[in-house]
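Peer 1: Below: one structure in structure tokens.
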Amino acid sequence: MIRSAFASTAITVGFCLFVLLVVLVPVALLYPEPGEVLSRFLLGPFEKTRYMGNIVELATPSMLTALAVVLMFRCGAFNLGVEGSFFLGGLTTAAMVLWMPLPPLVGIPLALLAGAIVGSLVCGIPGIVKATTGASELVSSLMLNYAAVFIGLFVLNYYLRDPTAAMLSSDRFPAEYRFESLIPRTRIHIGSIVAVVACIIGAIYLNRTSQGLEVRISGTGNDFSRHLGLNSVALNIRIQVIGGMIAAFAGGIEMLGLYSRFTWQNTTGNGWTGVIVAIIARDNPILIIPAALFIGYLQVGGDLVSRAFGVPTEIVSLIQALVMICVTSVAIFQHPALRKFVQGNRGEAAQ
Amino acid sequence: MQMTGDETAPQKALVEFREIGKTYPNGTVALRNVSFQVIEGDILAVCGENGAGKSTLMKILAGIEQPTQGTIHYEGRQKRIADPNVAGDMGIGMVHQHFSLIRSLSVAENLALGQEPRRGLLIDRRAAADRVRELAQKFSLDVDPETKVGSLSVAAQQKVEILKALSRNTRLLILDEPSAVLTPQETQELFEQLRSLRARGVTIIFISHKLHEVRALANRITVIRSGEVVEDGVLSEMSDAAISKLVMGVDVTRASRNQRDLSAATPVVVVKKATVATGDSDRRIDAIDLTIRAGEILGIAGVDGSGQEGVVDLLCGNVQPDEGDISLLGRPMALATTLDWRRAGMAHLPGDRFQIGGAPHMSLVDNVMAGSHRDKQFTRGPFLRVDAMVARTNELIKTFNVRCLGPREPLNSLSGGNAQKLVAAREFSSNPKFLIVNQPTRGIDVAAAAMIHGELLRLSQNGTAILLVTSDLDELLQLSDRVAVMFDGRIAVVLENDGLTPERLGPYMLGLEKAS
Ligand SMILES: Nc1ncnc2c1ncn2[C@@H]1O[C@H](COP(=O)(O)OP(=O)(O)OP(=O)(O)O)[C@@H](O)[C@H]1O
Ligand SMILES: [Mg+2]
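Taken in order, these protein sequences are the chains called F and Z. Under our numbering, the first residue of the first sequence carries the number 652, and numbering increases by one thereafter. Under our numbering, the first residue of the second sequence carries the number 138, and numbering increases by one thereafter.
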């Protein structure tokens, strides 16, 4: 069991590297200095503290959204409302910070909590609709994402807008509400620590609590949980609300960590990245941490080569897409030859 | 036996296994040094205890698993059977121990999967359906190509599985415990069909735990124990006792029931005029009256689909009665859900162990502890006491003699019979006041069946009220204190088991007689 978990992680890492090279090498060859392009993409992100900081900043929100996705997927709910939850969470937190000038020690947690609660609707409502009418949570959560954006734009335009600013944005947040940077020359903030801790708590919840066991059982299909008498409908709704709260909380953290005003006019993509990270992490909360960092690393690398050589940033999406295809190809994972290659002959030795 | 065919014809090996060894990635050695031949035109029975390696060997022949050692020779030539498609091209078809059909697709779609008849880019549905009809007619296995597999009875699904295995010019048909899920009547019918297949020149390999079936069908037998062939020969030359001994390695003593008078014991489950009129037709029940007393084993007999499943559904909280009353130890249960039933002391070993009784991809610990995962003993606040759970799982693995590598392995790494023992272990160990067992020894070897029977009798001695549903009349009569015979959703009669015989039950099962 443990050995085979290790094997699939090793295979995943192998694929990530393989895909990286398969995409990068031909692209690099199109440029006059292919070696430069490659090394800039692969090694560039580690050259400066600032770049490494960027990796962590990018990974922070997607760790949390990925955790939300993993929890919901593991419970058998294919809910994609994280994108909208993230957006509404950010908006609500911003509004709270602007409207309720309490001392930061009270105000920040309150603003984040309010964001989490409001944002959780985008994941929670599809869950409730599924339970009562049977409508697919996948479809309704996707649609609600758009509703979330339009609500957000409405609130921004009519209530939060700073009329003196040149672009559509809210007033400036009071400085004492913004998270301080933890490491000089980066914008890494407390949210990164929160995200890592959250993933660890998520793993403990799933694997070491009674309710986590129920979540995993519900996720395997209805018959077994019905046989045991578990109320998987209620559990499903609860998990989708919790998932929404986590994603929305991530939106609030992102807002206070990296922004000085609310400026989002569309969803941010952090929810989608979370889905990608969740898939690469194979629904394992602990593996979310490296998976999110890997995606962050790709984005920073892509940015660097795009700025230096004009390489289109789409190659990052291409790499992500290919990695996802590979990782989800269960068929490949179960390929006996590949497994044998990774595990060697230790199988026989163990007997 | 008339089946050995022309004795003077030269015996040609269709398949020859040469020193086949198989070690699963997790380290389990399932087969070692297996060498024997499958003679063309034979019906070969492969026997052996749970976890002996029978399914593994057959999966290797069907291209689903790869051997880690040795070679397979087919028609005299060495072959590498890389995947099921290669096996299909060679004329090898297999019916699996656990159904592999897709329930949401129709019969025709299931059969066409992987070899779809095309019209341009599209699948030619008409051609697919025609092919099924043609096949069904050719092998006189009667199925409707348009029906969804999920809505078919188990016996009909079995037929579809067989048709699927036969759909590619099959010369070698492998059946892994085909009769485990069938009633005796259905088994008879299946055997007729297998005999006629053999008459057409199809070679058959067939796995079973039931000796009388092996006798009825096969002419050769290969016995596997702990991954090694211990016997390979002509069936008619071996006695039953010799075979049992070979299969199990030891003599098995059957558990036996003591005649008891339970008329004064407390009623545990009381059902009064319960009717369920909705749902699948073979799950409907009509004005059922039933009492199960503490310490009693009440067996339910009946032709398959007479309403036994309906009674199980009713008494485990899957459905609530449209009319009538139920109580458990005096508590009204007519509106109770499964959770309420479980809280009140019900446990249930379901007929389908993999879909309903367990989660194949989860570990043995999770599968065993599910249901008692909120007990004080195994929790500290919201947290699970994993060490206590593992200890408990190990204990049950030992008492129920489950063959596995360890408690953290996934359930689907167990052999079919061992997985069933594990699910039984979970349900039996919850100290139930009322226990429902549905086909308790399906797919289980003789020794394990005796162990399960022993456990059931022990529970009843400790006061558990047991409802036993089984299509195996021997088992029913061996264990039950009373037998309720069902026909057409009603209870035809309830008989004391003081030396009941199948002949006494027969007329009631067929609806020819009713209690006055
Ligand atoms: N996928 C798997 N991974 C690891 N071990 C496995 C796997 N499948 C089977 N085994 C192990 O291989 C051994 C042989 O299993 P197999 O399924 O061949 O038994 P069997 O003879 O068919 O038994 P049964 O009568 O219970 O069906 C068992 O010890 C089982 O635990
Ligand atoms: Mg088997």
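Each residue gets a CB set at the ideal place from its N, CA and C atoms; glycine is no exception.
(1) Would you verify that the beta carbon of F/SER911 is, or is not, closer than 7 Å to some beta carbon of chain Z?
(2) Would you call F/LYS781 buried or exposed, if buried means 16 or more other Cβ atoms sit within 10 Å of its Cβ?
(3) Would you say the stretch 181-199 of chain Z touches the stretch 541-554 of chain Z, given that touching needs at least three Cβ pairs under 8 Å?
(4) By a C-beta neighbour count over all protein chains shown, 10 Å radius and 16 as the cutoff for buried, is Z/ILE463 buried or exposed?
(5) Can you look up F/MET818 in the DSSP assignment and give me helix, strand or coil?
(6) So, does the stretch 693-709 of chain F touch the stretch 933-942 of chain F, judging by three or more C-beta pairs under 8 Å?
(7) Give the residues of chain Z in contact with F/ASN882, contact being defined as C-beta atoms less than 9 Å apart.
(8) Could you name the residues of the same chain whose beta carbon sits closer than 8 Å to that of F/GLN862, not counting the 5 residues immediately before and after it, in chain order?
(9) Given the structure, does Z/GLY190 come close to ligand 1, in the sense that its CB is under 6 Å from one of the ligand's heavy atoms?
(10) Quick one: which chain F residues come within Cβ less than 7 Å of Z/ALA484?
(11) What first and last residue would you give for the beta strand (DSSP E) that runs through Z/GLY461?
(12) Among residues of its own chain, excluding the 5 on either side of Z/GLY454, which ones have a beta-carbon nearer than 7 Å to its beta-carbon?
(13) Using a threshold of 7 Å, state whether the C-beta atoms of Z/GLY447 and Z/ARG480 are closer than that.
(14) Looking at the structure shown, is Z/CYS453 part of a helix, part of a strand, or coil, going by DSSP?
(15) Can you tell me whether Z/SER316 is buried or exposed? The criterion is at least 16 other CB atoms within 10 Å of its CB, across all chains shown.
(16) Using only the heavy atoms of ligand 1, determine whether one of them is closer than 6 Å to the beta carbon of Z/SER550.
(17) Please check the pair Z/ILE218 and Z/GLY230, which I expect to be a contact at CB under 8 Å, by giving their CB distance rounded to whole angstroms.
(18) What did DSSP end up calling Z/GLY178 once you bin it into helix, strand or coil?
(19) Counting C-beta neighbours from all protein chains within 10 Å, is the total for Z/VAL449 16 or more, i.e. buried, or is it exposed?
(20) Looking at chain Z, is there any beta carbon in it that lies within less than 7 Å of the beta carbon of F/THR783?
(21) So is F/VAL673 buried or exposed if we call it buried at 16+ other beta carbons inside 10 Å?
(22) Taking Z/ILE358 as part of the beta strand (DSSP E), name the residues at either end of that continuous run.
(23) So what's Z/LYS656 in DSSP terms, helix, strand or just coil?
(24) Comparing the CB of Z/GLY554 with every heavy atom of ligand 1, is any distance shorter than 6 Å?
(25) What are the boundary residues of the alpha helix (DSSP H) that includes F/TYR810?
(26) For Z/MET499, return the contacting residues in chain F, with the cut-off set at a CB-CB distance below 8 Å.
(27) Against chain Z, with Cβ distances strictly below 7 Å, would F/SER861 count as a contact?
(28) Quick one: which chain Z residues come within Cβ less than 9 Å of F/ARG725?
(29) Tell me Z/ALA411's beta-bridge partners as DSSP assigns them.
(30) I'd like to confirm something about Z/ALA167: is its beta-carbon nearer than 6 Å to some heavy atom of ligand 1, or not?
(31) Any beta carbon from chain Z within less than 7 Å of F/PHE875's own beta carbon?
(32) If the cut is a Cβ gap below 8 Å, which residues of chain Z does F/LEU864 touch?
(33) Straight-line CA distance for Z/GLY207 to F/ALA661?
(34) Answer yes or no: the CB of Z/SER234 versus the heavy atoms of ligand 2, is any distance below 6 Å?
(35) If you draw a straight line from the C-alpha of F/ILE888 to the C-alpha of F/GLY894, how long is it?
(36) Let me check one thing: in DSSP terms, what residues is Z/SER243 bridge-paired to?
Peer 2: Considering the structure as presented:
(1) Numbered from 1 along the first sequence, position 260 holds the residue referred to as residue 911 of chain F. Not one chain Z Cβ lies under 7 Å of F/SER911.
(2) Here residue 781 of chain F is taken as the residue at index 130 of the first sequence, counted from 1. Counting the other CB atoms within 10 Å of its CB gives F/LYS781 a total of 16 or more, which places it among the buried residues.
(3) Yes, since at least three Cβ pairs between the stretch 181-199 of chain Z and the stretch 541-554 of chain Z fall closer than 8 Å, the two stretches touch.
(4) Residue mapping note: residue 463 of chain Z aligns to position 326 of the second sequence, counting from 1. It counts as buried.
(5) For the purposes of this step, residue 818 of chain F is identified with residue 167 of the first sequence, where counting begins at 1. Of the three classes helix, strand and coil, the one that applies to F/MET818 here is coil, per DSSP.
(6) Cβ pair count under 8 Å is below three, so no.
(7) To locate residue 882 of chain F, count along the first sequence from 1; it is residue 231. What F/ASN882 touches in chain Z: THR474, LEU476.
(8) Taking the first sequence and counting its residues from 1, one reaches residue 862 of chain F at position 211. Spatial neighbours of F/GLN862 in its own chain (CB-CB distance under 8 Å, excluding positions within 5 residues in sequence) are listed in chain order as TYR856, LEU886.
(9) Indexing the second sequence from 1 puts residue 190 of chain Z at position 53. Yes, the Cβ of Z/GLY190 comes within 6 Å of a heavy atom of ligand 1.
(10) As a first step, residue 484 of chain Z must be located in the second sequence, where it is residue number 347. What Z/ALA484 touches in chain F: nothing, since even the nearest Cβ is about 10 Å away.
(11) Within the second sequence, the letter at position 324 stands for residue 461 of chain Z. Here the beta strand (DSSP E) through Z/GLY461 covers 460-465.
(12) Along the second sequence, one-based indexing puts residue 454 of chain Z at 317. These residues qualify, in order along the chain: ALA473, THR474, THR475, ASP477, TRP478.
(13) The residue given as residue 447 of chain Z occupies position 310 in the second sequence. The residue given as residue 480 of chain Z occupies position 343 in the second sequence. Not closer than 7 Å, so no.
(14) Sequence index remark: in the second sequence, residue 453 of chain Z carries index 316 (1-based). Shown here, Z/CYS453 sits in coil according to DSSP, grouped into three states, outside any helix or strand.
(15) Sequence index remark: in the second sequence, residue 316 of chain Z carries index 179 (1-based). So Z/SER316 counts as buried.
(16) Numbered from its first residue, the second sequence carries residue 550 of chain Z at position 413. True, at least one ligand heavy atom lies under 6 Å from that Cβ.
(17) Position 81 of the second sequence, counting from 1, holds the residue named residue 218 of chain Z. Position 93 of the second sequence, counting from 1, holds the residue named residue 230 of chain Z. About 13 Å separates the two Cβ atoms, so there is no contact after all.
(18) For this step, residue 178 of chain Z is matched to residue 41 along the second sequence. Under the three-state reduction of DSSP, Z/GLY178 is assigned to coil, being neither helix nor strand.
(19) Here residue 449 of chain Z corresponds to residue number 312 of the second sequence, with the count starting at 1. Burial call: buried.
(20) Here residue 783 of chain F is taken as the residue at index 132 of the first sequence, counted from 1. By this cut-off, F/THR783 is not an interface position.
(21) For the purposes of this step, residue 673 of chain F is identified with residue 22 of the first sequence, where counting begins at 1. Exposed, since its Cβ has fewer than 16 Cβ neighbours within 10 Å.
(22) For this step, residue 358 of chain Z is matched to residue 221 along the second sequence. Taken as a continuous stretch (DSSP letters only), the beta strand (DSSP E) holding Z/ILE358 covers 357-362.
(23) Only positions 138 to 653 of chain Z appear in this structure, which leaves residue 656 of chain Z out of reach.
(24) Here residue 554 of chain Z refers to the residue found at position 417 of the second sequence. Yes, Cβ of Z/GLY554 sits closer than 6 Å to a heavy atom of ligand 1.
(25) Taking the first sequence and counting its residues from 1, one reaches residue 810 of chain F at position 159. It is not in any alpha helix (DSSP H) - F/TYR810 carries neither H nor E in the DSSP assignment.
(26) On the second sequence, residue 499 of chain Z is found 362 positions in, with the first residue counted as 1. Within chain F, the residues whose beta carbon sits less than 8 Å from that of Z/MET499 are ARG867, ILE868, THR871, listed in sequence order.
(27) To locate residue 861 of chain F, count along the first sequence from 1; it is residue 210. Yes, its Cβ sits closer than 7 Å to a Cβ of chain Z.
(28) As a first step, residue 725 of chain F must be located in the first sequence, where it is residue number 74. For F/ARG725, there are no C-beta contacts with chain Z under 9 Å, since the nearest C-beta of that chain is about 11 Å from it.
(29) For this step, residue 411 of chain Z is matched to residue 274 along the second sequence. Bridge pairing for Z/ALA411: Z/ILE425 [DSSP].
(30) Here residue 167 of chain Z refers to the residue found at position 30 of the second sequence. For Z/ALA167, the Cβ falls inside the 6 Å cut-off from some heavy atom of ligand 1.
(31) Start at 1 with the first residue of the first sequence, and residue 875 of chain F comes out as number 224. Answer yes: the Cβ-Cβ gap between F/PHE875 and chain Z drops below 7 Å somewhere.
(32) On the first sequence, residue 864 of chain F is found 213 positions in, with the first residue counted as 1. In chain order, ASP503, MET506, ALA507, HIS510, LEU521 make up the part of chain Z whose C-beta sits under 8 Å from the C-beta of F/LEU864.
(33) Stepping through the second sequence from its first residue, residue 207 of chain Z is reached at position 70. Stepping through the first sequence from its first residue, residue 661 of chain F is reached at position 10. Near 29 Å, if we compare the C-alpha coordinates of F/ALA661 and Z/GLY207.
(34) In the second sequence, counting from the first residue as 1, residue 234 of chain Z sits at position 97. Reading the sequence as shown, one finds Gln at residue 234 of chain Z and not Ser. Yes - ligand 2 has a heavy atom lying nearer than 6 Å to the Cβ of Z/GLN234.
(35) Translated into positions along the first sequence, residue 888 of chain F becomes position 237. Translated into positions along the first sequence, residue 894 of chain F becomes position 243. One C-alpha to the other measures close to 10 Å.
(36) In the second sequence, counting from the first residue as 1, residue 243 of chain Z sits at position 106. Answer by DSSP bridge pairing, in chain order: Z/LYS285.
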